Amino acid sequence: MKIKTFAINLRKRPDRRGSVLEQFDRKPEFDLSLVEGYEHPIGAMGLWITIRQIILNCMDRQDEYILICEDDHEFTDQYSLEYLASSIALVSEFDGDLLAGGVSCVKSTIQVRPGLYWMEQFTGFQFVIIFRRLFRSIIEFNFKEGDDADIVVSDIARNKFLLHPFISVQKEFGYSDVTHKNARMGHVHQLFAKSSERISDLNTVDAFYNGKSIEFEYNEEHLYEGISIPTFIIGCSDSLPLKEVIFREFKDKPEFDLKFITDPIAGKPDSAFVASIGHILRSVSLSDEDIVIICNSGHRFTADYARGKFINNIIEAHQQGVGLLLGGISGFDSAVPVCETRFWISSFQDAGFIVVYNKLFEKILSESFNNQPSINHPLSEITSHKMVMYPFISVPSGLSDEKNESSARADIAPLYELSSNRLSYIQAAKGFISLYKQKRESPRLINP
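Going from the sequence shown to the numbering used here is simple: count from 1 and add 73.
Here's what the structure looks like:
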């Protein structure tokens with residue numbers, strides 16, 4: 074096996090040149106070519122021009138894939154030819170676009186087999202196998218100032234895979250020609266360590282939730298008639314027009330027992346939310362409620378809402394030990410699909426429809442929420458046991474009492490769509506990986 078390998082190095086960096094040549098010394102499986110990097114005032118632009126030229130030069134070759142390395146690549150003790158070769162072969166079976174040897178940041182991952190993962194988004198371009206099917210997309214991409222090569226490739230590649238444990242990390246030289254914040258010694262090492270830890274954590278989450286059996290019989294026929302869940306509407310005053318809009322939204326949905334909460338604090342939405350939820354939970358703590366729903370006045374049900382499925386999700390999530398169940402979110406960091414209708418999420422940003430289980434009531438009431446600015450929702454860090462329903466049943470309507478709040482709700486509507494698209498992408502990957510595993514276990518499933 075000979076892997077056509079291109080190592081990018083700027084002429085002015087002989088220390089890096091010597092380092093990367095040493096990495097490939099006595100590794101005959103790599104057909105190494107040292108490529109002089111294009112000098113550009115913007116390091117990222119120079120790197121992209123070099124990558125694009127490498128791809129252009131390979132268009133007339135017959136290689137199914139090539140390896141592009143940056144000169145800070147360093148093999149780890151996990152590297153072996155067998156590990157890399159078998160992974161390349163499997164990624165090829167999946168029609169993969171790329172295979173990374175190690176990454177400095179990663180969002181969501183799904184294990185294909187021990188050592189090989191599908192990944193959603195990544196950064197870190199020091200060791201990337203690029204398959205021919207991605208060549209044309211790289212050549213045709215309009216790279217602009219402010220873009221980063223690794224993020225661009227992550228965005229345009231549909232099927233991305235990752236080796237973990239990593240076989241490659243970035244060696245630290247105390248400076249960086251592309252990413253200046255990586256110049257601080259120790260910073261890059263921390264990035265790779267955190268990425269590795271995240272992959273392990275996501276794998277643990279997947280095993281935990283997908284390994285839990287749910288003893289539950291679906292009640293689709295009667296659709297849980299007679300159930301009424303305390304539902305608190307926050308973010309509105311006694312405005313009659315807005316209440317009429319909210320009542321119309323919940324019309325013919327007797328499963329919601331509506332109660333209106335006037336925001337006790339004017340000003341920052343997070344401060345108002347924290348005060349409101351404290352008031353709500355104190356009021357229900359004496360009534361022995363199992364769950365409550367906190368709903369923003371700008372909430373709107375999507376066409377995917379159905380009472381039976383909604384309550385099924387509440388019950389199943391409870392059996393899985395969940396503390397928060399969300400109807401929709403504007404953003405998240407990492408996600409793990411736990412079934413066709415729910416994802417575990419590591420964090421979340423805006424959420425206009427939140428099911429809170431009583432296991433969290435006391436914890437929320439005892440929490441001293443700080444006022445430090447954060448993109449995440451005030452409840453995001455209250456528990457690691459949180460899920461979002463999928464497809465979303467709740468999105469922002471853009472309606473509110475205050476004009477500025479109404480505008481803010483309207484502005485985040487596209488972010489809900491973006492989050493939904495990300496989850497759809499992850500769900501699709503989970504589907505084809507699960508099918509692959511079924512075929513391996515049952516060869517008869519493979520079409521002749």
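The C-beta atom is built at its ideal place from N, Cα and C for all residues, glycine as well.
Please read these numbers as outputs of a predicted model, since none were measured by experiment.
Task: Cβ contact (3+ pairs, closer than 8 Å) linking the segment 303 to 320 and the segment 211 to 227 - done: no
Open item on the list: Under DSSP, the alpha helix (DSSP H) around MET118 begins and ends at which residues?
Closed with: 116 to 131
TODO: Measure the C-alpha to C-alpha separation of PHE442 and SER453 and round it to an integer number of angstroms.
DONE: 11 Å
TODO: Quick one: grab the DSSP three-state call for GLU270.
DONE: helix
- [ ] Helix, strand or coil for LYS217, going by three-state DSSP, please let me know.
- [x] coil
TODO: For PRO469, count neighbouring C-beta atoms within 10 Å of its own C-beta (all shown protein chains included) and say buried if the count is 16 or more, exposed if not.
DONE: buried
Task: Inter-residue spacing [alpha-carbon to alpha-carbon] between TYR282 and GLU95 - done: 44 Å
Task: Whole runs of the beta strand (DSSP E) within the segment 316 to 387, excluding any shorter than 3 residues - done: 329 to 334, 364 to 369 and 372 to 374
TODO: Using the Cα positions of VAL435 and LYS459, report the straight-line distance between them to the nearest angstrom.
DONE: Correcting the residue type first, residue 435 is Glu in the shown sequence and not Val. Cα to Cα, GLU435 sits roughly 16 Å from LYS459.
TODO: Report all residues from its chain with a CB closer than 7 Å to the CB of ILE506; omit the five preceding and five following residues, and keep chain order.
DONE: ILE183, VAL185 and TRP191
Open item on the list: To the nearest angstrom, how far is the alpha carbon of SER269 from that of GLY247?
Closed with: 22 Å
Open item on the list: Check for me: the alpha helix (DSSP H) holding PRO105 runs from which residue to which?
Closed with: Looking at the sequence provided, one finds Leu at residue 105 rather than Pro. Not the alpha helix (DSSP H): LEU105 falls in the beta strand (DSSP E), residues 103 to 109.
Open item on the list: Applying the 10 Å Cβ sphere with the 16-neighbour rule, what's the burial state of LEU129?
Closed with: exposed
Open item on the list: Output needed for LEU207: all residues of its chain with C-beta closer than 7 Å, excluding positions within five of it in sequence on either side, in chain order.
Closed with: ASP170, LEU171 and ALA230
Open item on the list: Please report the distance separating the alpha-carbon of ALA280 from that of VAL409.
Closed with: 10 Å
Open item on the list: Nearer than 7 Å: is that true of the beta carbon of LEU399 relative to any heavy atom of the ligand GDP?
Closed with: In the structure shown, the ligand GDP is absent, as is every other ligand, since no ligand is present at all.
TODO: Compare the Cα-Cα distances from GLN126 to each of ALA80, GLU137, VAL164 and ASP88 and report the closest residue.
DONE: ALA80
Open item on the list: Here's a check: name, in chain order, each residue in its chain whose Cβ is nearer than 7 Å to the Cβ of SER492, leaving out the five neighbours to either side.
Closed with: ILE402, SER403, GLY404 and PHE405
TODO: Return the chain-ordered list of same chain residues with a C-beta closer than 8 Å to the C-beta of LEU140, the five sequence neighbours on each side being excluded.
DONE: ILE76, LYS77, THR78, PHE79, PHE103, PHE200, VAL201, ILE202 and ILE203
Task: Which of helix, strand or coil DSSP assigns to GLU95 - done: helix
TODO: Run the CB neighbour count on ALA162, radius 10 Å, all protein chains shown included, and call it buried at 16 or more, exposed below.
DONE: exposed
Task: Residues of its chain near LEU331, where Cβ-Cβ distance is below 7 Å and the 5 sequence neighbours each way are ignored - done: THR304, ILE306 and PHE323
Task: Of the residues GLY116, TRP121 and PRO87, the one placed nearest LEU107, counting alpha carbons only - done: PRO87
Task: Start-end ranges of the alpha helix (DSSP H) lying completely within the segment 148 to 183, minimum 4 residues - done: 154 to 166
- [ ] Given a cut-off of 8 Å, decide if ILE499 and VAL461 are closer than it, judged by their beta-carbon atoms.
- [x] no
- [ ] Leaving out five residues on either side along the sequence, give the residues of the same chain with a beta carbon under 8 Å from the beta carbon of ILE366.
- [x] ILE302, PRO303, THR304, PHE305, PHE329, PHE426, ILE427, VAL428 and VAL429
Open item on the list: Could you check whether GLY174 and PHE239 sit closer than 8 Å to each other, using their CB atoms as the reference points?
Closed with: yes
Task: Cβ-based burial, LEU313 [other Cβ within 10 Å; buried from 16] - done: exposed
TODO: Consult DSSP for ARG90 and reduce its assignment to one of helix, strand or coil.
DONE: helix
Open item on the list: Taking only three categories from DSSP, how would you classify VAL411?
Closed with: strand
TODO: Using three-state DSSP, classify TYR190 as helix, strand or coil.
DONE: strand
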